[in-house]
Amino acid sequence: MIIYFSGTGNSEYIAERLGELIEDEVINLFDYIKNNENRNFNSEKPFVLVAPTYSWRVPRFLTDHLKKCKFKGNKNIYVIMNFGDSCGNANKYIREDVKSLGLNYKGLYGIKMPENYLALFELDSDEKNREIVKEADIKIEKAAKIIRKGLDFEKKEIKFQDKIISGLVNNLFFKFIVKDKKFYYTDKCIECGKCEKECVLNNISYEDGKPKWNGNCTHCMACLSKCPTAAIEYGKKTVGKERYLLKNIIEERK
Ligand SMILES: Cc1cc2nc3c(=O)[nH]c(=O)nc-3n(C[C@H](O)[C@H](O)[C@H](O)COP(=O)(O)O)c2cc1C
Ligand code: SF4
Ligand code: SF4
Numbered sequence: 038m039i040i041y042f043s044g045t046g047n048s049e050y051i052a053e054r055l056g057e058l059i060e061d062e063v064i065n066l067f068d069y070i071k072n073n074e075n076r077n078f079n080s081e082k083p084f085v086l087v088a089p090t091y092s093w094r095v096p097r098f099l100t101d102h103l104k105k106c107k108f109k110g111n112k113n114i115y116v117i118m119n120f121g122d123s124c125g126n127a128n129k130y131i132r133e134d135v136k137s138l139g140l141n142y143k144g145l146y147g148i149k150m151p152e153n154y155l156a157l158f159e160l161d162s163d164e165k166n167r168e169i170v171k172e173a174d175i176k177i178e179k180a181a182k183i184i185r186k187g188l189d190f191e192k193k194e195i196k197f198q199d200k201i202i203s204g205l206v207n208n209l210f211f212k213f214i215v216k217d218k219k220f221y222y223t224d225k226c227i228e229c230g231k232c233e234k235e236c237v238l239n240n241i242s243y244e245d246g247k248p249k250w251n252g253n254c255t256h257c258m259a260c261l262s263k264c265p266t267a268a269i270e271y272g273k274k275t276v277g278k279e280r281y282l283l284k285n286i287i288e289e290r291k
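Position in the sequence shown (first residue = 1) + 37 = the working numbering.
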């Protein structure tokens, strides 16, 4: 059973593609997290968690949610993280997290995907992103082969810098950077309500038909990227910039 969360479509793409290759069920955790519904997962085949990287680790809200779920059947779990650049020393933390779920950790596999963090970084062009997805397709196939054979994912070499970014920097990042105060809507807002629906943490409510951010944000970029009129901005950083959603690139590729 493949379980995933995805803010802008990258993890979803990997999970769906992997599901086809290993002929396994694919479950989007979005509704469960949004509705605070803890699930009993039951799978004959190994579990596979597919997640984006947030500050060189599996997103905290995701591991917090998984710790409230139950896993029955197969005892093995593979973890596939995707990132714009690297997942640092995420292995150390997710290994401990899955052990606490009573599961046998089969290792971490990293896949480079398009960067989606528009609130902080410059994103690549669609053309470059399509190249990145092509490379990722090959890596997904390799991961599928390993999972089918029941082997462990190979261990990656961890440098001192990886330890710092996944440890100290991750803590500082969530304490000081992951805030929603810089989000606002512009007069392009058509009061469609999509941003409220797309927020996995129910952080967006309405006042007089307009969105309001309520201080419990994980910076997943879903509200900003999925607004149909690009009415959501984050400070000055996002103004005039194209939003990123993987499905836009894939549709063009067809
Ligand atoms: C809050 C946040 C933090 C991120 N941190 C990292 C990071 O530490 N390293 C990295 O290479 N990419 C980082 N990224 C990029 C995403 O991990 C990457 O684009 C991922 O493929 C997005 O997956 P999704 O579309 O399934 O949400 C970050 C993105 C966001 C929104
Ligand atoms: S998704 Fe965009 S247009 Fe729709 S309510 Fe939210 S800000 Fe307004
Ligand atoms: S407010 Fe926006 S960026 Fe923050 S968690 Fe919700 S959808 Fe993601």
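Heads up, the beta-carbon is just placed ideally off N, CA and C, and yes, glycines get one too.
Below 9 angstroms between beta carbons: does that hold for leucine 282 and threonine 45? yes
Quick check: is any heavy atom of ligand 3 less than 8 angstroms from the C-beta of leucine 261? yes
At which residue ranges does the stretch 187-251 contain complete beta strand (DSSP E) runs of 3 or more residues, listed in the order of the chain? 220-222, 241-244 and 247-250
With C-beta atoms as the reference, is lysine 104 less than 9 angstroms away from asparagine 77? no
Below 8 angstroms, can you find three or more Cβ-Cβ pairs linking the stretch 115-130 to the stretch 222-235? no
Give me whichever residues DSSP pairs with methionine 118 in a beta bridge. Ala88 and Gly147
Please check the pair asparagine 113 and phenylalanine 84, which I expect to be a contact at CB under 8 angstroms, by giving their CB distance rounded to whole angstroms. 7 angstroms
Determine the DSSP secondary structure at lysine 71, reduced to helix, strand or coil. helix
Outcome for aspartate 61 when other beta-carbon atoms lying within 10 angstroms are tallied against a minimum of 16: With 16 or more other Cβ atoms within 10 Å, it is buried.
Just how far apart, CA to CA, sit serine 80 and leucine 58? 17 angstroms
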